[in-house]
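Chains as they are written, first to last, in UniProt numbering: chain W, 1 to 562; chain R, 1 to 332.
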C-alpha cells in the first residue's frame, strides 16, 4: 500500500502549534526547571561541588534536626486519623441521616479553607493562650507546642477529609441496603459490610491526604509550635535564618516523601478493581432513626460550635481594646502597625490574588483546551496531561525554595521577575495548578467533540469557536477556577514566605509577623479581613451558580443526547 | 466525470487497518449511503472526505481537484454529526448565523434572509429563537441540517444523522432529508449502519465491511443480487443452503410455501416456529437434512392455511430468485 501522505506530514494549524509550544515552555519554566534545580542543590555542597548523600548524612547526624522528622510524622499521623474520623462522621451525618440544619453544617465545614493556616493557630491562641478567653474561664491547655499544632492541623485538614467523604457518600446503591434489610441485618452489620467497603478507597485516600497536608504545613507550627520543631519550620530556619540553602533543599526533598507515597498508594488502589456504582442503582432511602440522628447531630453541632467559637474569639479579640483587661469596643486593631505590614499587606494580598486568579485561569483554560481539544502536537499534549498532577504533590515551601534557586540565579534571563509580584503570582499558579486543571479538563470534555469539526467545515476560525462556544459553555468552571485561585492565594503562606519582596508584604505573612510582635489582636483583625474577602468571592460564585445552574444543566444535557 | 472521488484510500489507527485500498465515486447530485456494521471504516472514510482525518495513502478528488491534503475549511462541505453538535448556548438562528457571518461578502440583511431561507426549507421558522435544549430530537436534527446547508456547500456529509432518534421520527426525517437533498440537488454522502435507512434513502449504496468495500450499487440491485455472503446476510434476511450443486441463498419472501405437495421441484420441511411480524408471518421450518430455512407469508394467507408447529410443508423456490455463492456461511 502506498504510504505517500505520511511524508507530507504538515502542521494544519500553525498558530495553535505555536501557542502550544509557548504554553508548554511556560509550564516547564514555572515547574519542571525550578524543581530540577532544587534536586541538584540537595546533592551539592555550599560551593556548588558534588556532595552525594553528604547533606543528608549531615542532616540526620544532628539530633535536633532528626527529632523534627519524628515530630512531624507524629503530628501528621495523629492529625490524619482524627481528621479522617471527624470528616467521615460529619459527611455521614449530612448524607446518611435525617438531621436538621444540613445546609448550615455543610457551609460551616468549609470555613477553614477561607483563612490561612496561621489563623487556626491564632484562633487557638486567642482561646487557650496565656490570656485566652477560655483560659480566663478556667480551661487551660498547654496550647503552644504539639497540642496546638495538632489542633490547628485538624482544623486545616478537616474540610479536605469532609469533602472527600461528602462526595463518596453521595452515591449509594439503595438495593444493597434493602437486600440486607430483607436478610435481617442490623445497622452495624450494614455499616461494616456495605457502607465501609463503599468508602474504603476514600478512607485510605483521606488518611494519606491529611497526613501529607499537615506534614508540609508551615503556618500553624510557625505561630503555635513554640519550641516544638517540625520539618517545615526547620526548612524555614535553615533558609531564612542560616542561609543554608543546600540543607533547605535536603529538607524539601524530605517534605516530598508523603506526597510520593500518596501517589503510590493511589496507583495501587486504582489498579485494583474497586467496584463502581451500577447504573441500575436506586436511590438510598434514609430511614427514620431518632437515636442515630441525635448522635450525629451532636457530632456536627460540636464541630460547628468549635468553628464558631474560633471565629467568635477572633472577632472578640479584634474588636475589644485589650482583652481581657479592657473590654471596651474598638476598631483600633484594624489600624495595623506599619512595622508588621500594615493595611498595605492586605491590599497587596488582594492584588496578588487577583493577578493569580486572572492569569492562572487564562493559562489553565487555554492550555487544557489545547490539550483536550487541540489537534496538534500529540507528545506535548501527553506531557502536559501527565505533568498536570505533579503540583498537587508539591508543598508550597518546596515551590518557594525551588523558585529561589532557579530565578535568583544570575544566569537566568528571567532573573528580573525575582523580587517582584510576578514571581509570587507564578508560584501561586504552579502551587494550586492541579485542581483547576482537573476542573477545566472536565468541563471541556463535556463539550461535544465535534464542535471544532463543525466550525472548520463552516470556515469559522478556531479562536472564535473557543471564545463564542467553549468559553461561555464552560463559564461556571472558569468562575470556579478563578475563585479557587483567588481564595487559595489569599490564604497561602508557605509558597510565598521565601519569595515576597521587601516592599510587597502580603497579609498571611503579616499575620505571622503580628503574632511574633505580640499583636494578637491585630493578627485576629487581619484574619477576619481575609475571611471576609474570601467569603465575598465565594458568595458571589454561589449566587451566580444559584441563578444559572438550571440553564447550564439544560445546555449540557443537549450534548448528552447521543 | 464524478463530482467526488476517493482513490486507493489507506488508513490505519495504531496499527489497526481502518481502510484498505478503498475506491469510490460519487456523482453530482446523488445521495450515496455508506452502509456497514460498526467498526467497518465507514465513518473514517467520511471523515477523510471531510478532511477531518488525513489518509495515510491514496487520494481524495473533489470536482476534479486533488484535495487529499486540504484542510476541512478549504473543502466547501456541510456536515451533520450523529450528536448534531449544535452550539448549546446559541439559538437556532444564531447557530446558523454563526457560520454565515464568516461570509464577508454578505451584509447583515442578506445574512438574515439566508438564515430564514434555510429555516424555511427545514420548516423551523417558528422555532428560530429557541435554544437547542428547547427543541425535540427531530427539530435539533433539522437545525443541524439547516446549519450544514446554510453556506450552500458543494457537498453534504451526514454521519449517522438519524440514529439518535425514535423510530417514528426517524422514518419521517428520512423522507424529509431526501426531499431537501433533491430540492437542492446536492451531492450527499451519508454514513449509516441501518440497512433500511440506506435502502429507502439512497440512490446508490456502498456496502463496507472490515475496512474494504464489499459491493456498490443501487438499493434494489444490492438487495436482489448481493454479490457475496456478507452483503446478502447484512442486508435483509437471507436463507443459505447447500446441496450437491453448490451453495445458494434465497430471500424468505421469495419462497412459496404450501401445505399441498406440488408436482415437482420442491423441498419438504417441518415447521419449527411461527413468528408473527404484523403484516407477515415468518415460518421457520427444518428440512430433511436438518437445515433450517425461513419463509415469509402474508399474515392473512398464513391464517387461511391454518399453519401450526410440526406441520409438514412444501417449499418451492423459483430459479430466478436463487443466488449462487462460492462457499457456505455458517448457519444463520
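Each residue gets a CB set at the ideal place from its N, CA and C atoms; glycine is no exception. Quick caveat: nothing in here was measured; it's all calculated off a predicted structure.
Does residue i pass the burial test, meaning 16 or more other C-beta atoms within 10 Å, or should it be called exposed?
{"i": "residue 379/W", "result": "exposed"}
{"i": "residue 153/W", "result": "buried"}
{"i": "residue 289/R", "result": "exposed"}
{"i": "residue 183/W", "result": "exposed"}
{"i": "residue 545/W", "result": "exposed"}
{"i": "residue 4/R", "result": "buried"}
{"i": "residue 80/W", "result": "buried"}
{"i": "residue 9/W", "result": "Model confidence at residue 9/W stands at a pLDDT of 47, short of 50, so the residue's coordinates are unreliable; what they give is reported in the following sentence. So residue 9/W ends up on the exposed side."}
{"i": "residue 171/W", "result": "exposed"}
{"i": "residue 87/R", "result": "buried"}
{"i": "residue 123/R", "result": "exposed"}
{"i": "residue 333/R", "result": "Residue numbering for chain R in the displayed model covers 1 to 332; residue 333/R lies beyond these limits and cannot be assessed."}
{"i": "residue 132/R", "result": "buried"}
{"i": "residue 16/W", "result": "buried"}
{"i": "residue 124/W", "result": "buried"}
{"i": "residue 331/R", "result": "Here residue 331/R scores only 40 on pLDDT, less than 50, and its place in the model should not be relied on; the value that follows carries that caveat. The residue in question, residue 331/R, is exposed, as its Cβ has fewer than 16 Cβ neighbours within 10 Å."}
{"i": "residue 127/R", "result": "buried"}
{"i": "residue 63/W", "result": "exposed"}
{"i": "residue 333/W", "result": "buried"}
{"i": "residue 53/W", "result": "exposed"}
{"i": "residue 411/W", "result": "exposed"}
Starting from residue i and walking both ways along the alpha helix (DSSP H), at which residues does that stretch end?
{"i": "residue 358/W", "result": "342–373"}
{"i": "residue 314/R", "result": "Careful: residue 314/R lies outside any alpha helix (DSSP H), inside the beta strand (DSSP E) at 312–317."}
{"i": "residue 168/W", "result": "146–168"}
{"i": "residue 108/W", "result": "102–109"}
{"i": "residue 490/W", "result": "475–491"}
{"i": "residue 25/W", "result": "14–27"}
{"i": "residue 266/R", "result": "Unbroken run through residue 266/R: none, as it is neither H nor E."}
{"i": "residue 145/R", "result": "137–149"}
{"i": "residue 434/W", "result": "434–446"}
{"i": "residue 214/W", "result": "196–216"}
Per DSSP, residue i is paired with what?
{"i": "residue 282/R", "result": "275/R and 296/R"}
{"i": "residue 242/R", "result": "247/R"}
{"i": "residue 59/R", "result": "7/R"}
{"i": "residue 545/W", "result": "The partner list for residue 545/W (beta bridge, DSSP) is empty, contrary to what the question assumes."}
{"i": "residue 66/R", "result": "61/R"}
{"i": "residue 74/W", "result": "None, per the DSSP bridge assignment."}
{"i": "residue 209/R", "result": "212/R"}
{"i": "residue 238/W", "result": "In the DSSP output, where bridge partners are listed per residue, residue 238/W has none listed."}
{"i": "residue 190/R", "result": "33/R and 158/R"}
{"i": "residue 326/W", "result": "322/W"}
{"i": "residue 325/R", "result": "247/R"}
{"i": "residue 406/W", "result": "Answer is none; residue 406/W lacks a bridge partner."}
{"i": "residue 60/W", "result": "Paired residues: none, contrary to the question."}
{"i": "residue 50/W", "result": "44/W"}
{"i": "residue 99/R", "result": "Paired residues: none, contrary to the question."}
Give me the Cβ distance between residue i and residue j, rounded to the nearest whole Å; I'm assuming they're in contact under 8 Å.
{"i": "residue 211/R", "j": "residue 40/R", "result": "7 Å"}
{"i": "residue 25/R", "j": "residue 10/R", "result": "Actually they do not touch by this definition, with Cβ atoms about 17 Å apart."}
{"i": "residue 430/W", "j": "residue 314/W", "result": "Not a contact, Cβ separation roughly 31 Å."}
{"i": "residue 232/W", "j": "residue 149/W", "result": "Not really, about 10 Å apart at Cβ, beyond 8 Å."}
{"i": "residue 341/R", "j": "residue 36/R", "result": "In this structure chain R extends from 1 to 332, so residue 341/R is not present and cannot be described."}
{"i": "residue 148/R", "j": "residue 49/R", "result": "At roughly 14 Å, the Cβ-Cβ gap does not stay under 8 Å, so residue 148/R and residue 49/R are not in contact."}
What residue range does the beta strand (DSSP E) around residue i cover?
{"i": "residue 18/R", "result": "16–26"}
{"i": "residue 8/R", "result": "4–13"}
{"i": "residue 509/W", "result": "Counting along the chain, residue 509/W falls outside any beta strand (DSSP E), though it belongs to the alpha helix (DSSP H) covering 507–516."}
{"i": "residue 458/W", "result": "Premise fails: residue 458/W is in no beta strand (DSSP E) and is neither H nor E."}
{"i": "residue 320/W", "result": "320–322"}
{"i": "residue 257/R", "result": "255–258"}
{"i": "residue 77/R", "result": "77–80"}
Using a cut-off of 8 Å between C-beta atoms, extract the partners of residue i located in chain B.
{"i": "residue 72/R", "result": "This model lacks chain B altogether; the protein chains it does include are W and R."}
- Message: Quick check: the stretch 328–345 of chain W against the stretch 444–453 of chain W, are at least 3 beta-carbon pairs closer than 8 Å?
- Response: no
- Message: Taking 8 Å as the cut-off, does the stretch 423–438 of chain W touch the stretch 65–74 of chain R (at least 3 CB pairs, one atom from each stretch)?
- Response: no
- Counting Cβ pairs, one atom from each stretch, are 3 or more of them under 8 Å apart for the stretch 421–432 of chain W and the stretch 499–508 of chain W? yes
- Item | At least 3 beta-carbon pairs within less than 8 Å: the stretch 292–309 of chain W vs the stretch 105–124 of chain W | Touching, per the Cβ criterion.
- Message: If contact is defined by three or more beta carbon pairs under 8 Å, each pair taking one atom from either stretch, is the stretch 194–206 of chain R in contact with the stretch 24–38 of chain R?
- Response: Judged by pairs of C-beta atoms under 8 Å, the stretch 24–38 of chain R touches the stretch 194–206 of chain R, as three or more such pairs exist.
- Answer yes if the stretch 194–207 of chain W comes into contact with the stretch 253–273 of chain W, meaning at least three C-beta pairs across the two stretches below 8 Å, and no otherwise. yes
- Task: Could you tell me whether the stretch 228–242 of chain W touches the stretch 521–534 of chain W, where touching means 3 or more Cβ pairs closer than 8 Å?
- Result: no
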